[in-house]
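First the structure, in the form of structure tokens, and then the observations on it.
Protein chains: 2
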Amino acid sequence: MSEPLFRRLTLLGLGLIGSSLARVARERGDIAAELVAHDSDPAVLRRVAELGIADRIEADAARAVADADGVVLCAPVGAFASLAQTIAPALAPGAILSDVGSTKQSVIRDVGPLLPKGVEFVPAHPLAGTEFSGPDAGLATLFQGRWCLLTPLPGSDPDAVEKIAELWRRCGSMVEAMEPAQHDRTVAIISHLPHLIAFTICGTADDLAGETQQHVLDFAASGFRDFTRIAASDPVMWRDVFLNNREALLEMLARFMEDAQAMARAVRWGDAEYIENSVKRGRAIRRRLIEAKQA
Amino acid sequence: MSEPLFRRLTLLGLGLIGSSLARVARERGDIAAELVAHDSDPAVLRRVAELGIADRIEADAARAVADADGVVLCAPVGAFASLAQTIAPALAPGAILSDVGSTKQSVIRDVGPLLPKGVEFVPAHPLAGTEFSGPDAGLATLFQGRWCLLTPLPGSDPDAVEKIAELWRRCGSMVEAMEPAQHDRTVAIISHLPHLIAFTICGTADDLAGETQQHVLDFAASGFRDFTRIAASDPVMWRDVFLNNREALLEMLARFMEDAQAMARAVRWGDAEYIENSVKRGRAIRRRLIEAKQA
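Chain order of the listed sequences is A and B.
According to the working numbering, the stretch in the first sequence is residues 1 to 295, in order.
According to the working numbering, the stretch in the second sequence is residues 296 to 590, in order.
Structure, rendered in structure tokens:
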């Protein structure tokens, strides 16, 4: 077994992603010699202790990061600014701070300026998840075969970036670095917009059911079922994601609405070829994802 | 075992739904004493013979329905009018004609007027499916625990309606009757619109990838993955569904677009409460579907 990557790794936030990371660290042994867990919710911390997926639980965030050489923010991105403010004075010189937030420009804006000199900041985003949340939802296999996107800052220490990349490789992920703005646009289309649409259509259907007093939802066929799966995700996490990736999300939604209007026009005017080609395109994309083992 | 429901049951179209129905009939034995299969594609018919899921294959549609006491149209709904024209003169007096089409007003419009007197027409729509198509994709378990919606006509023979209801109950489905217009609006929101959205967003993402020369799709995260699954469905079937449920689909799309614009406005103006409530609503709907065992 390789040397543990971190002497003391602190996870702040033990929901789906944080508790999955804790489980991988526990299973492998080569990620952290000591794993410290903090969560703002005492019930979550108690559950982490019961599950035995951390060496130590710590209700005080500043105390949790003391003397850690690795710290990962795993809370909803809206909580990052105040969390960073709390822990900044307690971060050890030479410590690497990373995160798992779904938006990267906002994290760099909110967290970057608060960090003391000597602390290395390497923002990261594992593209993994399920519709479940909380410490019981975590899975040691969650990151296997999934991408983890890093958005290092200009002037980031290459050793620190490599250490975070290695952390995710040991979780079974493929790692790629990109610009923060490119990251935010990419995830806006492949993840944030699909979630926004899924939340919206559930409401649209529910309104219709209420209006007509008909049992619309009782008959949920295959299409709608999949949408509700996505829509079952954590409300606070997604609220924060939408508010912190506002520009990219609104751009992608506008593009999608234009395309949906074009499809509506094809349906109205009976443009069979346009419709058939749209469906064929969806199929081709699906095939590409299957070949890339991301489906 | 009960008496077979039909002496000779003919399936016209052996794709996902038709071949699933054939498999159930084959497994149970109490659905049809003899099962005849017709498909306009000779390759499909050859495959049906290889799979051994019909007693007889018949390349001529009129010959396939001769002397059958039950006939089920399982082709894409756009093919129903010409198919009905072909088989109408050959239908036996007293035969029951049904279908599995996803749109019901169009089927009643296209098929109803062509039928000879003495043939009973009972439109039906099993709410079941996968993203796969063709005779190899069929599953004997496809309809188990799923709804089948019947839209009997005014003056339909109650015995014929009951026989088709019993057919679907023997397939493991729950059966409910409703007005054709109500059916079309219900499936527009729970099935057709989700598919239209899934096809559209795949194109939106693909356009963006092409425009920016970035590997957007390589990173397909969980949300987008589920959309591509829906979008992998059969192009001809869905083209026909969209064109034959035009009014209801356009109404539901318009409702959805209004709601998506409201969500966009909440994102733009930072209305955290609106966003959080939308996500919570999606969760509640998901919970209801799980309780109703439709998730």
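Glycine included, each C-beta is placed from N, C-alpha and C at the ideal position.
- DSSP places T305 of chain B in the uninterrupted beta strand (DSSP E) bounded by 301–307.
- W564 of chain B: not part of any alpha helix (DSSP H); DSSP gives it neither H nor E.
- The beta strand (DSSP E) runs lying completely inside the segment 145–174 of chain A and spanning 3 residues or more are 147–150, given in chain order.
- Contact check for S397 of chain B and V536 of chain B: beta-carbon distance about 5 angstroms, within the 8 angstroms limit, so the pair qualifies.
- Nearest in C-alpha terms to G407 of chain B, of all of B:E542, B:P421, B:F375, is B:F375.
- Under the Cβ distance rule, L253 of chain A counts among the residues neighbouring chain B, one pair being separated by less than 7 angstroms.
- Note that the segment 536–556 of chain B does not touch the segment 217–229 of chain A; fewer than 3 beta-carbon pairs, one per stretch, sit closer than 8 angstroms.
- Fully contained in the segment 330–392 of chain B are the following alpha helix (DSSP H) runs of length 4 or more, in chain order: 337–346, 356–360, 375–382.
- Within the DSSP secondary-structure output, F438 of chain B pairs in no beta bridge.
- When DSSP reads this structure, H420 of chain B sits in a beta bridge with B:L444.
- According to DSSP, D394 of chain B shares a beta bridge with B:L368.
- Between M263 of chain A and L193 of chain A, the C-beta spacing is not below 7 angstroms.
- A distance of 7 angstroms or more separates the beta carbons of E571 of chain B and R246 of chain A.
- Shortest Cα-Cα distance from F199 of chain A to any of B:F494, B:I403, B:L392, B:G518 involves B:G518.
- Judged by their CB atoms, P123 of chain A and V107 of chain A are nearer to each other than the 7 angstroms cut-off.
- In this structure, L114 of chain A places its C-beta atom within 7 angstroms of the C-beta atom of A84 of chain A.
- Beyond the five residues adjoining it in sequence on each side, V36 of chain A comes within less than 6 angstroms, by CB distance, of T10, R56, E58, A64 in the same chain, given in chain order.
- The continuous alpha helix (DSSP H) containing P194 of chain A extends over residues 193–212.
- Any Cβ of chain B closer than 7 angstroms to the Cβ of A88 of chain A would place that residue at the interface, and such an atom is absent.
- Going by C-alpha positions, G577 of chain B is about 45 angstroms away from E298 of chain B.
- For I485 of chain B, the chain A residues whose Cβ falls inside 8 angstroms of its Cβ are A205, V216, L217, F219, A220, A221, G223, F224, in order along the chain.
- Contact annotation: in the segment 226–240 of chain A, residues whose CB is within less than 8 angstroms of a CB in chain B are D226, F227, T228, R229, I230, A231, A232, S233, D234, P235, V236, W238, R239.
- Distance from the Cα of G203 of chain A is smallest, within the candidate group A:A232, A:A177, A:M178, A:T186, for A:A232.
- For M469 of chain B, the closest Cβ of chain A is not nearer than 7 angstroms.
- Annotation for L12 of chain A: G18, H38, D39, A61, A64, V65, V71, V72, L73, C74, A75, L83, I87 place their beta carbon closer than 8 angstroms to its own, counting only its chain and skipping 5 residues before and after.
- Taking the Cα of V187 of chain A as reference, the smallest distance to any Cα among B:I496, B:E461, B:V511 is reached at B:V511.
- The Cβ-Cβ distance between V343 of chain B and L311 of chain B does not fall below 7 angstroms.
- Not flagged as an interface residue toward chain A: T446 of chain B, since no C-beta distance is shorter than 7 angstroms.
- Among the bridge pairs identified by DSSP, A472 of chain B is matched with B:L445.
- Sorting B:T446, B:F427, B:D362 by C-alpha distance to the C-alpha of V395 of chain B places B:T446 at the top.
- Within chain A, no C-beta atom comes nearer than 9 angstroms to that of P475 of chain B; the closest sits roughly 14 angstroms away.
- The Cβ of F427 of chain B sits no closer than 7 angstroms to any Cβ of chain A.
- Classified as buried, I492 of chain B has 16 or more neighbouring CB atoms from the shown chains inside 10 Å of its CB.
- Residue-level contact check: L538 of chain B touches chain A, since one or more beta carbons of chain A fall below 7 angstroms from its beta carbon.
- Under a criterion of Cβ atoms nearer than 9 angstroms, no residue of chain A is adjacent to H333 of chain B; the nearest Cβ is some 24 angstroms distant.
- P194 of chain A reaches chain B at I496, G518, F519, D521, F522, counting residues in chain order whose Cβ is nearer than 8 angstroms.
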